[in-house]
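Numbering (this note's numbering), first residue to last: 1 to 331.
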Amino acid sequence: MTVLEQIKSKAASLDKTVVLCEGEDSRVVKAAEMATKEGVARIVLLGDPVKIKTDNPDVNLDGVEIVNPLTSEKLTSYNAKLCELRASKGMTPEQAAELLKDGTYFGAMMLKAGDVDGLVSGACHSTANTLRPGLQIIKTAPGVSAVSSFNLMICPPEGNKYCPDGLVVFADCGLNPTYTAEGLADCAIATAKSAQAIAGIEPKVAMLSFSSKGSAKHDNVTLVQDATRIAKEKAPDLKLDGELQFDAAIVPSVGEMKAKGSDVAGHANVFIFPDLQAGNIGYKIAERLGGFMAVGPICQGFAKPLNDLSRGCKAEDIVGAIAITVLQTQL
1 MTVLEQIKSK
11 AASLDKTVVL
21 CEGEDSRVVK
31 AAEMATKEGV
41 ARIVLLGDPV
51 KIKTDNPDVN
61 LDGVEIVNPL
71 TSEKLTSYNA
81 KLCELRASKG
91 MTPEQAAELL
101 KDGTYFGAMM
111 LKAGDVDGLV
121 SGACHSTANT
131 LRPGLQIIKT
141 APGVSAVSSF
151 NLMICPPEGN
161 KYCPDGLVVF
171 ADCGLNPTYT
181 AEGLADCAIA
191 TAKSAQAIAG
201 IEPKVAMLSF
211 SSKGSAKHDN
221 VTLVQDATRI
231 AKEKAPDLKL
241 DGELQFDAAI
251 VPSVGEMKAK
261 GSDVAGHANV
271 FIFPDLQAGN
281 IGYKIAERLG
291 GFMAVGPICQ
301 GFAKPLNDLS
311 RGCKAEDIVG
321 AIAITVLQTQ
331 L
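Right, dumping it as structure tokens:
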């Protein structure tokens, strides 16, 4: 069984409901069919039922609940709740009504109200259009200073000697261009929890830098050192170390030389990059030159599971995102 098959199997056992906000996209509609058939989750698909079925005549949507945001019986209660949530911004019922015509805002209200367990959007909308309702309505989890993202990096079929679990986890590869030390620490702790809940691995977290244990002096190094200290204070039982160069984090002989006595150096499976530039470049190098499969970026740090899709995604990718969203309900 592949890593993704294991993730889908675990998701199926939890019997959760996920809303897909873009019923106007044929890939999303197909993913709704596939996820329902495979039992990954119960699906709520947003859009006009007649149009969805007319535009996708070959898709079997038996078992999929289709909800039209424009005519839903929940509009009145969602409108009132949205006005309450955005009262400090002066939200009026008329403004709320306009926002709720947008599938992602409507889906976010479903998630806030507990009518669904998770949300997936972004197949045909920008990341901003997905994250804005999340930040305004779902908000960050208690104690989390910023939402972040991670990628599951699945080893190529021939394997990799530095990847005994069959995959590693990279963060942040798709969301925050820069971090404060506290934000980077929160990203590390959240990614460790995600790695355990979704990938089923015991996280060994490396805080990456161009320096190992003070071998270089720079403000960028100090940032990672401070983040490492904060993360250890917040999560003292977590196996986490830094600052480490990538080779010190993953190669046992180098880790022993550069960070002697570390229980992470040379054995890391969760890698926290110091900023988005490094993370994004790193995962694409691993994907294109190393043959790894990149799943994500996957959002984390929201109070409830909410994920953004790549606009180049396939239906199979959306089903994977649904499964991961389901597993995030355990965090």
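All residues carry an ideal CB built from backbone N, CA and C; glycine is no exception.
None of the values given here were measured: they were computed from a predicted structure.
- Assignment of Asn79 by DSSP, reduced to helix, strand and coil, places it in the helix class.
- Between Ile298 and Ala188, the C-beta gap is not smaller than 8 Å, which leaves the two residues out of contact.
- Here the C-alpha atom of Gly103 lies approximately 28 Å from the C-alpha atom of Ser13.
- Beta bridge pairing from DSSP links Ala171 with Phe150 and Ile272.
- With respect to the C-alpha of Val144, the residue from Val40, Gln300, Lys239 and Ala265 having the closest C-alpha is Gln300.
- Residue state for Val3 is assigned as helix, using DSSP reduced to three classes.
- Between Leu244 and Ser212 a beta carbon distance of about 5 Å is seen, short of the 8 Å cut, so the two are scored as contacting.
- For Ile324, the three-state secondary structure derived from DSSP is helix.
- The beta carbon of Ala181 lies closer than 7 Å to those of Leu223, Asp226, Ala227 and Ile230 in the same chain, with the five residues before and after it left out.
- Taking a C-beta distance under 8 Å as the contact criterion, Ala11 and Ala323 qualify as a contact pair.
- Approximately 5 Å separates the beta-carbon atoms of Thr127 and Asp308; this is inside 8 Å, confirming the contact.
- Each of Pro142, Glu287 and Thr76 was checked against the Cα of Ala113, and the nearest Cα belongs to Thr76.
- By the Cβ rule, the stretch 310-321 does not count as touching the stretch 278-294, because fewer than three pairs are nearer than 8 Å.
- About 15 Å separates the CB atoms of Leu119 and Val40; that is not less than 8 Å, and the two are not in contact.
- Shown here, Pro252 sits in a helix according to DSSP, grouped into three states.
- Taking every protein chain shown into account, the CB of Asp219 has fewer than 16 other CB atoms within 10 angstroms, so this residue is exposed.
- The beta carbon of Asn280 lies closer than 8 Å to those of Cys173 and Gly174 in the same chain, with the five residues before and after it left out.
- Gly242 has Met207 as its beta-bridge partners, per DSSP.
- Per DSSP, the beta bridge partners of Thr140 are Phe302.
- The beta carbon of Gln277 is closer than 8 Å to those of Pro177 in its chain, skipping five residues each way along the sequence.
- The three-state reading of DSSP puts Ala185 in helix, counting H, G and I together.
- Just so you know, the alpha carbons of Gly242 and Leu184 end up roughly 12 Å apart.
- Burial state of Met1 is exposed, judged by a 10 Å Cβ sphere holding fewer than 16 other Cβ atoms.
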